[in-house]
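In what follows, a single structure is set out as structure tokens and then discussed.
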Amino acid sequence: MRILVSTLALATLSFTAAVGAAELKPGTVLNASNLATHLSDSFENHAISDLLTERMQKLIKDEGLTITLKASQPVELGRDYLKATQDNAGKAKYNHDTRQVEGWVGGIPFPKVEANDPDAAAKLIWNHHYAQPIKNLQDYPKFAYLFIGEKGGLERRQEWAFQRYYMKGRLGADPVVEGDGSILTKTLLYATYPSDIRGLGLFTVRYDSPKLEDSWAYLKSVRRTRRLSGGTWMDPIGGTDQLNDDIEIFNAHPSWYADYKLIGKRWILAVANSTTKTWDTKASGNAEFPVIDLDGAPHWNPKDGWEPREVWVIEAVTPPEHPYSKKVLYMDAQFPRFYQAEAYDRKGEFWKWMNYHLKTIKTEDGDKGIISAAGFTIDYQRRHGTVFILADSAKLNTPGIKADNVNLGELEKAAR
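Heads up, our numbering is the position in the sequence shown plus 9, with the first residue counted as 1.
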């Protein structure tokens with residue numbers, strides 16, 4: 010009889026909890042004061058407890074992170090991107106022994122990855138490496154790095170420029186390969202403000218092979234360029250909390266990492282269609298950057314609309330010389346871009362949380378592409394954050410810019 014009563018009591022409690030659960034509406038804010046109440050609720054038929062990673066729940070409870078729920082909307086991919094993926098389906102092959110991809114022409118090399126494939130994680134990383142939904146040129150004439158301390162808030166800001174030109178897998182272009190096929194991308198990253206760091210940056214050539222990048226920096230002190238070692242992909246960017254490897258969360262050749270493990274597939278809350286203005290040049294003070302909660306401690310938390318997205322969860326194991334021991338990456342299941350990552354130090358302790366806000370824009374040739382409107386890299390050991398803020402001047406597939414325009418001379422020009 011006691012067992013029967015206990016069973017009935019448990020069933021009654023479960024029924025009561027289910028009845029008490031609510032379907033939350035867009036605009037609902039999840040914060041430390043109400044998280045426990047809302048964990049059993051749902052949003053767009055997904056339990057809140059399932060939509061928040063363990064790390065996100067901890068950041069809400071302990072670090073002041075707030076999440077504003079936003080109604081989900083489809084992410085539209087570019088017509089040339091989809092066409093290249095369809096036209097080249099089945100051509101790319103992953104060589105498990107060499108850890109390289111053979112036969113890729115353009116678009117997503119592995120559009121249908123199965124979770125039970127032993128090479129699933131590696132294929133997803135190669136999708137990211139080869140098939141960014143941005144057309145053929147990222148052209149960011151102006152973005153900011155904001156340096157934020159836990160106690161003092163915004164410390165300073167730097168303004169930078171970024172260009173990445175794709176030499177292979179070119180979309181809507183003929184030919185699809187420029188040059189001899191050995192180079193995948195050419196990248197310029199340099200500071201434009203303040204004057205004491207103007208021209209600081211890198212010109213980088215990334216090869217379509219495991220070969221380490223060739224990188225050059227311009228030295229203002231001697232007004233000369235210097236070739237750097239191939240290990241710069243693991244180095245910090247200026248005085249930021251980012252490594253070169255952390256640009257848009259993952260910025261390495263796939264074979265430079267020791268291994269990849271597929272943790273699984275799940276739904277999370279992510280900023281897939283950013284609606285918050287990132288940089289308001291007409292405002293002053295903290296209001297200039299409305300996408301960040303600069304007024305509220307610890308001053309580095311994001312402010313935007315979060316919607317449910319299905320993601321792949323991948324553990325990327327670093328080489329022994331890397332500052333991190335691993336990164337846990339959250340990639341959209343529809344297209345190969347990352348929303349979040351957790352970085353761990355060599356002792357296996359949690360170190361950094363990265364969170365990027367994506368946004369679809371029109372490319373300069375009338376197609377569509379995806380940009381990172383804002384990116385947060387928070388060092389929870391140092392208690393410091395670096396936030397990437399993209400200005401409205403960002404363009405994709407800017408006409409008139411050729412491969413020869415992305416060169417070392419641009420660094421020298423920026424420093425003058």
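Just so it is clear, CB atoms sit at the ideal spot from N, CA and C, and this is done for glycine as well.
Just measuring C-alpha positions, the residue of L78, K361 and R88 sitting nearest G314 is L78.
When DSSP assignments are scanned along the region 146-174, the uninterrupted stretches of beta strand (DSSP E) that are 3 or more residues long and fall wholly within it turn out to be 146-158. K132 sits in a helix when the DSSP states are folded into three classes. Rounded to the nearest angstrom, the gap between the Cα atoms of F359 and P307 is 18 Å.
Pairing A382 with V300 gives a Cβ-Cβ distance under 9 Å. Between the region 287-295 and the region 58-76, the count of Cβ pairs shorter than 8 Å is below three; the stretches do not touch.
Taking C-beta atoms under 8 Å as the contact rule, Y175 and T196 fail to qualify, at a distance of about 10 Å. When secondary structure is reduced to three states using DSSP, G273 falls in the strand class. Within the DSSP bridge table, the entry for R318 names I277 as partners. If you ignore the 5 residues before and after F52, its C-beta comes within less than 6 Å of the C-beta of L33 and L78, all in its own chain and listed in chain order. G116 sits buried, since 16 or more C-beta atoms from the chains shown fall within 10 Å of its C-beta.
Residue state for M176 is assigned as coil, using DSSP reduced to three classes. In this structure, the straight-line span from the alpha carbon of Q109 to that of P219 is close to 8 Å.
Taking C-beta atoms as the reference points, V84 and T372 fail to come closer than 9 Å.
Residue environment: Q82 is assigned as exposed (fewer than 16 neighbouring CB atoms within 10 Å of its CB, all protein chains considered). According to DSSP, residue pairing for G384 in a beta bridge involves Y365 and F397. Between K144 and G190, the beta carbon gap of about 19 Å keeps them out of contact (Cβ cut-off 8 Å). The C-alpha of S204 is placed about 42 Å away from the C-alpha of A131.
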